[in-house]
Amino acid sequence: SLLTSAATVLKETLKARLLIPVALSAALLCGCATSREHALQQNKELVRHYFQGWANRGDPAVADALIATNVVLRNPPAVVHSLTEYKQGMTAFHTAFPDLQFTLEDEIAEGNKIAARWTLRATHLGEYQGHPPTGKAVAVTGISIFQIADGKIQDITVNMDRLGQFQQLGWLPALSQPLK
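What follows is the structure, given as structure tokens:
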């Protein structure tokens, strides 16, 4: 009947009118999620490059490319307020532990922050924090949280097992029995 045909045409028109905005919204949402995911992946890659080129090799050109000149590094007990200071500290660290190697164990990204869990393995072959070389190997775990803006690391907070490091170097006595 004519009424049934008109109802079918109206129904199809409404479907088409609803389908276009819904499809457009879905496409935009997917685009935002893809863009967000891309930014997170770029930030993770930046942190991986940081560990490979700067933390492991101490390459100042890598530091210049990845780290803001006014970076804040919190690595208790030290707080550093510039890339220049950070480079000086890293040079001293690489001199004391020339074979140091960071292994990136995990990375978690959220917004403009990356949390990286790592293990540092190195041999103490040079003066460090007023202590002469011991020749001892250390394996130290830690977590660093990086804040990234404008394609550069702006802020780093480090939490590492300094007690374990100092015990392995023989600077502090090891616990005789595990804590219960």
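Everything in the sequence shown is counted per our numbering, starting at 1404 for the first residue and increasing by one.
All residues carry an ideal CB built from backbone N, CA and C; glycine is no exception.
Nearest-angstrom Cα separation, counted from residue j out to residue i
i, j, result
"ASN1515", "THR1487", "23 Å"
"ASP1462", "LEU1578", "37 Å"
"ILE1548", "THR1494", "21 Å"
"ASN1459", "LEU1523", "9 Å"
"GLN1570", "PHE1505", "19 Å"
"HIS1484", "VAL1561", "14 Å"
"HIS1497", "ALA1552", "27 Å"
Environment of residue i [buried if 16+ CB atoms lie within 10 Å]
i, result
"ALA1540", "exposed"
"HIS1452", "exposed"
"ASN1446", "buried"
"LEU1575", "exposed"
"ALA1542", "exposed"
"LEU1431", "In this prediction, LEU1431 has a pLDDT of 47, which is less than 50 and means its spatial position is unreliable; what the coordinates show is noted afterwards. Classification of LEU1431: exposed, given that the 10 Å Cβ count is below 16."
"GLN1491", "exposed"
"LEU1566", "exposed"
"GLN1532", "exposed"
Simplified DSSP assignment, three categories, for residue i
i, result
"ALA1577", "coil"
"GLY1545", "strand"
"THR1498", "helix"
"LYS1555", "strand"
"THR1437", "helix"
"ARG1524", "strand"
"GLU1530", "coil"
"GLU1467", "Looking at the sequence shown, residue 1467 is not Glu but Asp. Correct three-state label for ASP1467: helix."
"LEU1503", "coil"
"LYS1539", "coil"
8 Å Cβ cutoff met for residue i and residue j
i, j, result
"ALA1481", "GLY1529", "no"
"ARG1520", "ASP1509", "yes"
"THR1526", "GLY1538", "yes"
"LEU1469", "ILE1556", "yes"
"VAL1450", "ILE1517", "yes"
"ALA1512", "LEU1443", "yes"
"ALA1466", "TRP1457", "yes"
Contact test: residue i Cβ vs the ligand MG heavy atom, cutoff 7 Å
i, result
"ASP1564", "This structure lacks the ligand MG; in fact it carries no ligand of any kind."
Extent of the continuous beta strand (DSSP E) run through residue i
i, result
"ALA1481", "1481–1483"
"ARG1401", "Residue 1401 lies beyond the stretch modelled for the chain, which goes from 1404 to 1583, so this question has no answer here."
"PHE1569", "Premise fails: PHE1569 lies in the alpha helix (DSSP H), 1565–1571, not in any beta strand (DSSP E)."
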